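A.B. asks: To start, I am sharing the structure in question, which I have written as structure tokens.
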């Protein structure tokens, strides 16, 4: 079987390779003086825009009470069944509150349906994307980890009011 | 039979039936709030408006008698626009409470707001405000805002419970429901108003905020509160029974059940003091052991007594299968004739509606399947006397806390050399026992019970036990049950290591060297059907959802009804 020859052989310049190296290095050199996009994570944190869907959190009013009335709609709509809510009675005007609110962050897929369905604007997607656990128990986020002051969530809430 | 035409379909009816009744008989439901099959017609909600040919105006289907040749349209443009308008009126003052309302998910107003509502309100003025969170009675909570004034609850108290405790006061949009001054809504059937209330104005205080209704799985079962055997749904979430609701059975309980049955007959199932795994007494205290170990120890103990020293006490709380297995064990394996059970009768409990003085679900069943002393055998009194005299040295008791009902028995049972009991919970009786086998409750097993008038009804498992998988066992599944894994705290609940009494007896008989060949509860039932004449020809399929009447030869002692 005869060897198949290349249709167009390399020219002499291409064969010696050096011009190509110079071309490549000049590109590198040019980019060295352009503005940098790399972020020095984790020393430097990425702050996402309001449209970003980080981990879902519960909105805590300024008086320290959660907005959630434990209606269970987030729990019902959640496609991967990440949310568990147990309601109980309170003396407040709203009558009920979540005595237990647990999101299994191993199940959560950050789809944002919970915040979309919430009738009280009580669960919203935060900007927190730093989630790492070493065991299943740590991935269960209870009210202690979920409750977030309304001040910190204001831009997401404004975003929702504009686009929801 | 006279006929009329409803939406182009010819419908037969009986003279005197209203349009809505005839339609329902034929499987067509005309929307309604205030109308209820077993209450009088009130005709105040106006949602059932239908168009009738040759009638100048629309008529309400609940109060218009069907007539021969009538032509009715329940979904014509005219009828629909009237219904939509009525819905708009209903929703004017109704608060947007659905997120905090227990009725959400089973609310007629919610359903019709979807099908007939405009989706938005043209009412810009402020809604009326009435009292919220008013405890009308010990078990019922009232929310005035949500009430649509259909008067179902008032009519229920007047006509069914026969205790007129509720009434309307005020007029127009200020109308609200109150109890008569100085009275509470505390009749024994008060919680039925929470079922018939088409909105969330009347809700159960017992179930308040425990779960959303769509999270519950429903299992058709029978109430164990008395010998009426009201048909119920066991509603379960996370393997815990959260509430019981009545299930329609016109032969037994119609649409109703009493508050005692609804509130007091399920809590022990979820209780902390359930017997979990077999226990045997070592050095004075009950110690948890394995099943095989407990069976071996109990059988060797039983073998050390002569057959006339052993007595058996069945239970009117246990199923026919359990009691039958016990009689079989007593007669063919132990060979004793000393077998009986204790009746529990409370003369103050019964009434003319549903409640019966016999407060056990299956005393007739226990009697029919043979938990009665054999020829020359001792009855209950005889057994107790025998224990006192020292003639009976060993007692085998199933599913009945005899000591709680009769404290004198404490001293009597203390005299026993061997006391084996099956129990669902730890109680005064298990304190005295040498062996405590963990019995399934009525919510954890298949079985049948016989009510006071001889109707055989099915129990079905709603709560999974230690060695049961809900899906494989064919138990009803909620969405959570379907998709949960063992790593989810909301899926598996607290599974107890318990077995049906008949199954424990099968295990014990195996250890005694005479295996009873039952694999599932229905096999025990087939054996009953073969050997007990009243049960002949029956199987679980024939008992079905509504039960089957037994052919009773009343040679048995008349049961106190």
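Protein chains in written order, with my numbering: chain A, 1 to 164; chain B, 165 to 725.
Even for Gly, the Cβ is constructed at its ideal location relative to N, Cα and C.
Every value quoted in this text rests on a predicted model; they were computed, and no experiment measured them.
Would you mind sorting residue 151 of chain A into buried or exposed? The rule is 16 or more other CB atoms within 10 Å of its CB.
C.D. replies: exposed
A.B. asks: Could you tell me the distance, in whole angstroms, from the CA atom of residue 720 of chain B to the CA atom of residue 85 of chain A?
C.D. replies: Note on residue 720 of chain B: pLDDT 49, under 50, position unreliable in the model; the coordinate value appears next. Answer to the nearest angstrom: the Cα atoms are 53 Å apart.
A.B. asks: Kindly indicate which residue of B:314, B:428, B:525 has the alpha-carbon position closest to the one of residue 370 of chain B.
C.D. replies: B:428
A.B. asks: CB-CB under 7 Å to residue 455 of chain B, same chain, minus the five flanking residues each way: which ones, in chain order?
C.D. replies: 442, 671
A.B. asks: Inspect the CB distances between the stretch 345-357 of chain B and the stretch 282-295 of chain B and report whether three or more fall short of 8 Å.
C.D. replies: Proximity of the stretch 345-357 of chain B to the stretch 282-295 of chain B falls short of the contact definition, fewer than three beta-carbon pairs being nearer than 8 Å.
A.B. asks: For a contact defined as C-beta to C-beta under 8 Å, what are the partners of residue 94 of chain A on chain B?
C.D. replies: Taking the beta carbon of residue 94 of chain A as reference, the chain B residues within 8 Å of it are 264, listed in sequence order.
A.B. asks: So, is the C-beta of residue 71 of chain A closer than 7 Å to a C-beta in chain B?
C.D. replies: yes
A.B. asks: Which one of B:602, B:598, B:486 has the shortest CA to CA distance from residue 589 of chain B?
C.D. replies: Ranking B:602, B:598, B:486 by Cα distance to residue 589 of chain B puts B:602 first.
A.B. asks: Does chain B have any CB closer than 7 Å to the CB of residue 138 of chain A?
C.D. replies: no
A.B. asks: When the distance is taken between beta carbons, is residue 526 of chain B closer than 7 Å to residue 613 of chain B?
C.D. replies: The criterion of a C-beta distance shorter than 7 Å is satisfied by residue 613 of chain B and residue 526 of chain B.
A.B. asks: Expressed to the nearest angstrom, what Euclidean distance is found between the alpha-carbon atoms of residue 108 of chain A and residue 302 of chain B?
C.D. replies: 41 Å
A.B. asks: So for residue 237 of chain B, helix, strand or coil by DSSP?
C.D. replies: DSSP places residue 237 of chain B in strand when its eight states are reduced to three.
A.B. asks: Apart from the five residues just before and just after residue 460 of chain B, which ones in its own chain have a Cβ nearer than 8 Å to its Cβ?
C.D. replies: 675
A.B. asks: Identify each residue in the stretch 115-129 of chain A for which the Cβ-Cβ distance to at least one residue of chain B is less than 7 Å, and report them in chain order.
C.D. replies: Against chain B - using a Cβ distance shorter than 7 Å - the residues of the stretch 115-129 of chain A are 119, 120.
A.B. asks: Nearest-angstrom Cα distance between residue 395 of chain B and residue 566 of chain B?
C.D. replies: 27 Å
A.B. asks: Give me the subset of the stretch 646-658 of chain B whose CB atoms are less than 8 Å from a CB atom of chain A, sorted by chain position.
C.D. replies: 647, 648, 651, 652, 653, 654
A.B. asks: Is it right to say residue 219 of chain B is buried, meaning 16 or more other beta carbons lie within 10 angstroms of its own, or is it exposed?
C.D. replies: exposed
A.B. asks: By the criterion of Cβ-Cβ separation under 7 Å, what are the contact partners of residue 371 of chain B in chain A?
C.D. replies: Per Cβ cutoff of 7 Å: no residues; residue 371 of chain B is ~11 Å from chain A at best.
A.B. asks: Give me the chain B residues within the contact set of residue 89 of chain A, using Cβ-Cβ distance strictly less than 7 Å, ordered along the chain.
C.D. replies: 372, 373
A.B. asks: At the level of alpha carbons, what is the spacing between residue 508 of chain B and residue 480 of chain B?
C.D. replies: For residue 508 of chain B and residue 480 of chain B, the gap between their C-alpha atoms comes out near 8 Å.
A.B. asks: Can you list the residues of chain A that residue 297 of chain B reaches, using a CB-CB cut of under 8 Å?
C.D. replies: 95
A.B. asks: Runs of 4 residues minimum, wholly inside the stretch 677-703 of chain B: which ones carry the alpha helix (DSSP H) assignment?
C.D. replies: Segments of the alpha helix (DSSP H) lying fully in the stretch 677-703 of chain B: 685-695.
A.B. asks: Taking DSSP as the reference, what is the three-state secondary structure of residue 356 of chain B?
C.D. replies: Assignment of residue 356 of chain B by DSSP, reduced to helix, strand and coil, places it in the helix class.
A.B. asks: Just how far apart, CA to CA, sit residue 55 of chain A and residue 364 of chain B?
C.D. replies: 34 Å
A.B. asks: Thinking residue 253 of chain B and residue 362 of chain B are a contact (beta carbons under 8 Å), I'd like their distance in whole angstroms, please.
C.D. replies: Their Cβ separation, rounded to whole angstroms, is 15 Å, which puts residue 253 of chain B and residue 362 of chain B out of contact at 8 Å.
A.B. asks: Note down the Cα distance separating residue 97 of chain A from residue 65 of chain A, rounded to an integer number of angstroms.
C.D. replies: Straight-line Cα distance between these residues: approximately 9 Å.
A.B. asks: Between residue 376 of chain B and chain A, is the shortest Cβ-Cβ distance under 7 Å, so that the two count as touching?
C.D. replies: Chain A contact via Cβ: present.
A.B. asks: Kindly give me the distance between the Cβ atoms of residue 609 of chain B and residue 712 of chain B, rounded to whole angstroms, as I take these residues to be in contact under 8 Å.
C.D. replies: Incorrect: roughly 19 Å between the Cβ atoms, too far for contact.
A.B. asks: Looking at residue 77 of chain A and residue 117 of chain A, is the spacing between their C-beta atoms short of 7 Å?
C.D. replies: yes
A.B. asks: Would you say residue 7 of chain A lies against chain B (beta-carbon separation less than 7 Å)?
C.D. replies: no
A.B. asks: Mind listing, in chain order, the continuous beta strand (DSSP E) runs of no fewer than 3 residues lying wholly within the stretch 376-448 of chain B?
C.D. replies: 381-386, 395-401, 404-410, 443-446
A.B. asks: Are the beta-carbon atoms belonging to residue 634 of chain B and residue 652 of chain B less than 7 Å from one another?
C.D. replies: no
A.B. asks: Using a cut-off of 8 Å between C-beta atoms, extract the partners of residue 81 of chain A located in chain B.
C.D. replies: 643, 644, 647, 648, 652
A.B. asks: Span of the beta strand (DSSP E) holding residue 86 of chain A?
C.D. replies: 83-89
A.B. asks: For residue 502 of chain B, report the span of its beta strand (DSSP E) as first-last.
C.D. replies: Residue 502 of chain B -> no beta strand (DSSP E), and no H or E assigned at all.
A.B. asks: Suppose only complete runs of 3+ residues qualify. What are the beta strand (DSSP E) ranges in the stretch 27-83 of chain A, listed by chain order?
C.D. replies: 56-60
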